[in-house]
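In what follows, a single structure is set out as structure tokens and then discussed.
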Amino acid sequence: MHDPVPATELNHRLERFRRLMDHNQPDWQLVAIFGKINHYYFTGTMQDGVLLIPREQEASYWVRRSYERATYESLFPDIRPMSSFRDAAATFNTIPDQIHVETELLPLAAWQRFHKHFPIDQVHSVDGEIARTRAIKSDFELDLMRQSGQIHQRILEQRVPELLRQGISEAEFASQLYPLMIEEGHHGIARFNMFETEILLGHICFGESSIYPTYFDGPGGNYGMHPAVPLLGSRNRVLRCGDLVFVDIGCGVDGYHTDKTMTYLFGAEPSAKMVEEHSRCVAIQNEIASLLKPGAIPSQIYADIMAGLDEEFLVNFMGFGARQARFLGHGIGLHIDEYPVLAKGFDEPLEEGMVLAVEPKKGIDKVGMVGIENTFIVTENGGECITGDHPGLMPVHCHI
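For the record, in the sequence shown the residue sitting at position 158 is 980 according to this note's numbering, with numbers rising by one throughout.
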């Protein structure tokens, strides 16, 4: 058994969320949270149920399965068993007039089952308030992310080169990388908030695979296993001497992720173009990191960096061809993709304790994706990198 999330931590999260609701949604009456990751954030356990947060009462976590496990794992003060939402509704003297739910997450069918017992027709989104609450990490959360970053650094900067050999396929490489990550302490999954996005590790690509089209909203791509499994390494693309290797994977400890990308040159010297484009991406990362201070505006960082890039460099920057990602970095925590984002429209200032992954990358035709990604904590002195400082394009000897 693992140590539970401290009760003081859970209380602090809920208090910050309530204050944010009072400020942003002054007429709110009831919040119903259905997402399991948000359950974990507020209660320290993730079960099949609903977390109810009434404005004028204490929050209660109603669990269908497994109530027993919830009580074993969580220090949340009010966990109750239920057979259906009827049990929760019966505790309300008056059903509220309006409710806030995770509109980005909640399926219509699940809402209809809930609505049968909570007949509330004024429905509002709570996604933004949850995202902003989760964006500022406590010391407890930052400690877990620093642990993840140390594992991430060891994996990508020390252990990956041991696995690369001529003739290995992307899929085989991934299958050998995964147990190594578990051995090092990775929690075994890379979670995304992006709708219907499934990734076990991340993008693991040899050569031009890293610029192949994909629905994933990021600068990289990959061939995938099959059209039905498009975000896993290919069985057919094998490593050849001279290949650029692109590894963009998530790592995590006790639910909290870091994000990191490393590039390797397998049995070859980089071309002048590769060095030039890659080095510029590294310089952009370092410039962005220096700006990650409380009070900085994410949209302004994005605008200033993009304005400083010439038209020639912008071709295939942050994606190959027309498939360019419109951001330079993203928040990270219980999901790899969190608030805030270094992009247009994110105009609220950064705050100390936010954590962002910064990932300037550029595609090169017939070569693949160069560039870098690391995870940074927002501090008064700029971004504190927690995933290592190797600049990438690491040379790896070509062997069978």
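Think of the CB as a built atom: it goes at the ideal place given N, C-alpha and C, for glycine as much as any other residue. Bear in mind that the values here come from a model prediction, so they are computed numbers and not experimental data.
With DSSP run on the structure shown, which of helix, strand or coil describes residue i?
i: residue 997; result: helix
i: residue 1082; result: strand
i: residue 1217; result: strand
i: residue 855; result: strand
i: residue 894; result: helix
i: residue 1013; result: coil
i: residue 1022; result: coil
i: residue 958; result: strand
i: residue 1028; result: strand
i: residue 1054; result: coil
i: residue 1035; result: coil
i: residue 844; result: helix
i: residue 885; result: strand
Going by Cα to Cα distance, which pick from the options is closest to residue i?
i: residue 1052; options: 916, 1031, 1068; result: 1031
i: residue 826; options: 894, 1200, 835, 846; result: 894
i: residue 954; options: 1073, 1093, 840, 1003; result: 840
i: residue 917; options: 1139, 939, 1004, 1152; result: 939
i: residue 1015; options: 1161, 1208, 1002; result: 1161
i: residue 929; options: 993, 998, 855; result: 855
i: residue 973; options: 1002, 1166, 945, 998; result: 1002
i: residue 1020; options: 1007, 1037, 1028, 1004; result: 1037
i: residue 1017; options: 1025, 1039, 1029; result: 1039
i: residue 1077; options: 1179, 964, 1216; result: 964
i: residue 888; options: 946, 868, 1163, 1207; result: 868
i: residue 1047; options: 1092, 992, 1108; result: 992
i: residue 1173; options: 934, 958, 877; result: 958
i: residue 970; options: 984, 1007, 949; result: 1007
i: residue 946; options: 968, 846, 1004; result: 846
i: residue 932; options: 1024, 907, 915; result: 907
i: residue 1213; options: 885, 1177, 1100; result: 1100
Can you tell me the Cα-Cα spacing of residue i and residue j, whole angstroms?
i: residue 996; j: residue 1113; result: 34 Å
i: residue 962; j: residue 831; result: 8 Å
i: residue 1130; j: residue 1050; result: 40 Å
i: residue 834; j: residue 1155; result: 17 Å
i: residue 1190; j: residue 1132; result: 21 Å
i: residue 892; j: residue 990; result: 43 Å
i: residue 1081; j: residue 981; result: 17 Å
i: residue 896; j: residue 1183; result: 41 Å
i: residue 881; j: residue 824; result: 24 Å
i: residue 1054; j: residue 843; result: 39 Å
i: residue 978; j: residue 850; result: 46 Å
i: residue 1029; j: residue 1083; result: 15 Å
i: residue 910; j: residue 1196; result: 44 Å
i: residue 1022; j: residue 984; result: 21 Å
i: residue 1205; j: residue 966; result: 17 Å
Within its chain, find whatever has a CB closer than 7 Å to the CB of residue i; leave out the 5 residues flanking it on each side and keep chain order.
i: residue 1034; result: 1043, 1044, 1045
i: residue 941; result: 917
i: residue 1221; result: 987, 988
i: residue 1095; result: 1186
Starting from the C-beta of residue i, find all residues in its chain whose C-beta is less than 6 Å away, skip the five residues before and the five after it, and write them out in chain order.
i: residue 1142; result: 1033, 1185
i: residue 875; result: 853, 881
i: residue 1005; result: none
i: residue 1217; result: 1087
i: residue 1124; result: 1150, 1164, 1165
Any heavy atom of the ligand FAD inside 7 Å of the beta-carbon of residue i?
i: residue 1192; result: For the structure depicted, the ligand FAD is absent and the ligand set is empty, with no information on it obtainable.
Tell me which residues share the same chain as residue i and place their Cβ nearer than 8 Å to its Cβ, disregarding the 5 neighbours each side in the sequence.
i: residue 784; result: Because the chain is modelled from 823 through 1222, residue 784 falls outside the range shown and cannot be assessed.
(request) Report the residue ranges of all alpha helix (DSSP H) runs contained in full by the segment 1124-1212; include only those spanning at least 4 residues, in chain order. (result) 1133-1136
(request) Tell me the start and end of each unbroken beta strand (DSSP E) in the segment 899-950 that is at least 3 residues and wholly inside, in chain order. (result) 901-903, 920-923, 944-947
(request) Let me know the beta strand (DSSP E) ranges lying completely inside the segment 1062-1125, each 3 residues or longer, listed in chain order. (result) 1066-1075, 1078-1088
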